[in-house]
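Remarks on the structure that follows.
So, in structure tokens, the structure goes:
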């Protein structure tokens, strides 16, 4: 199913279409402080034929800064997709791949905040030329992040890989990837509303090569990923690729039922031997609260899946494009 925004896309770029072209695709949100440095570092690479920026509803001067640079560098291969509002990074990346698909032989997904070093792109291209269908950049350190964030990220990867059988995520692998044309086509065919690209890309099964890179601290702007957003994104990843949480609560229910049966048998036996005594209020309220909590957690897990079904069946577009700016 084609995105309404994608219907406006027409095929034109700086050097024409070709199976050997490399495009760089980057979403940006409130990056006016660093976006020009990012553009210049990317377009300085001889391997890059075109740079595609997707503005995901910036509320600062990001669009104006990019448009001004385009006016003064009309000979450079830069296209800006301006979305109508903030649809989220996943939707912005999908918009970029929708536009780049069919126009290039490969596309590099990269963050525009310069924490992904563009200078690693030539090494990714080299691996692609040798036959890799996906080239994944994996962080070789996490010096730029706090201990809590590193620990929670490591915990997520362990939980995800334990629950999901179809794929295994590489710790340190993010959205910094090179995708060949067949992979772009495969990824854009998957139109589920709740997207988790870190899982969708390895799920396609295409041959992947890993390279190492060091993530650097931000030189400007601020991250929009709060702890709550990261938590929601982690849940999206787990619930998008496995139904084991539902099965786990079924097992918990069986175990609690067995425990209740054994406990009831002990009460009956004690009553027969020692007679009836006054039951304790504390034990009763603890049992009620425990079972009530278990039920609410189970309902919550079920609700997560039902909510995703509800969002998917509406089949709303992932994004809308306000304008396409290019020279």
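Residue numbers (the working numbering): 338 to 664.
The beta carbon of each residue, even a glycine, is placed where N, CA and C say it ideally should be.
Taking C-alpha atoms, which residue in the options lies nearest to residue i?
i           : options            : result
residue 362 : 503, 553, 380      : 380
residue 547 : 440, 644, 511, 498 : 511
residue 529 : 632, 645, 605, 404 : 645
residue 663 : 509, 404, 425, 576 : 404
residue 365 : 585, 398, 385      : 398
residue 586 : 659, 634, 414      : 634
residue 665 : 375, 575, 431      : Nothing in the structure corresponds to residue 665, since the chain is present only between 338 and 664.
residue 658 : 432, 591, 580, 607 : 432
residue 637 : 625, 591, 576      : 576
Where residue i and residue j are concerned, what is the direct C-alpha to C-alpha distance, given to the nearest angstrom?
i           : j           : result
residue 707 : residue 541 : What is shown of the chain runs 338 to 664, which leaves residue 707 out entirely.
residue 429 : residue 446 : 11 angstroms
residue 472 : residue 367 : 28 angstroms
residue 357 : residue 652 : 34 angstroms
residue 427 : residue 533 : 7 angstroms
residue 648 : residue 461 : 36 angstroms
residue 394 : residue 401 : 12 angstroms
residue 350 : residue 655 : No answer about residue 350 holds up, because its pLDDT of 40 lies below 50 and its placement is not dependable.
residue 455 : residue 531 : 28 angstroms
residue 387 : residue 449 : 15 angstroms
residue 554 : residue 544 : 31 angstroms
residue 595 : residue 566 : 38 angstroms
residue 383 : residue 441 : 15 angstroms
residue 411 : residue 373 : 14 angstroms
residue 639 : residue 497 : 18 angstroms
residue 436 : residue 551 : 29 angstroms
residue 641 : residue 408 : 47 angstroms
residue 370 : residue 573 : 30 angstroms
residue 487 : residue 505 : 19 angstroms
residue 582 : residue 378 : 44 angstroms
residue 509 : residue 535 : 11 angstroms
What is the DSSP secondary structure of residue i, reduced to helix, strand or coil?
i           : result
residue 456 : helix
residue 504 : coil
residue 473 : strand
residue 495 : helix
residue 511 : strand
residue 447 : coil
residue 580 : coil
residue 652 : coil
Assuming residue i and residue j are in contact, meaning their beta carbons sit under 8 angstroms apart, how far apart are those beta carbons, in whole angstroms?
i           : j           : result
residue 416 : residue 661 : 7 angstroms
residue 457 : residue 474 : 6 angstroms
residue 593 : residue 631 : 7 angstroms
residue 470 : residue 519 : 7 angstroms
residue 434 : residue 524 : 6 angstroms
residue 444 : residue 465 : At roughly 10 angstroms, the Cβ-Cβ gap does not stay under 8 angstroms, so residue 444 and residue 465 are not in contact.
residue 438 : residue 522 : 6 angstroms
Is residue i close to chain C? Criterion is C-beta to C-beta, closer than 8 angstroms.
i           : result
residue 429 : This model lacks chain C altogether; it includes just one protein chain.
*Segments of 3+ residues assigned as beta strand (DSSP E) that fall wholly inside the stretch 349-388*: With a minimum length of 3 residues, the continuous beta strand (DSSP E) runs that stay inside the stretch 349-388 are 359-365.
*Completely contained alpha helix (DSSP H) runs for the stretch 526-574, where each covers 4 or more residues*: Taking only runs of at least 4 residues, the alpha helix (DSSP H) segments lying wholly in the stretch 526-574 are 534-540.
*Identify every run of the beta strand (DSSP E) within the stretch 387-444, keeping only runs that are complete inside it and at least 3 residues long; order them along the chain.*
For the beta strand (DSSP E) assignment, the uninterrupted runs of no fewer than 3 residues enclosed by the stretch 387-444 are, from N- to C-terminal side, 387-392, 415-420.
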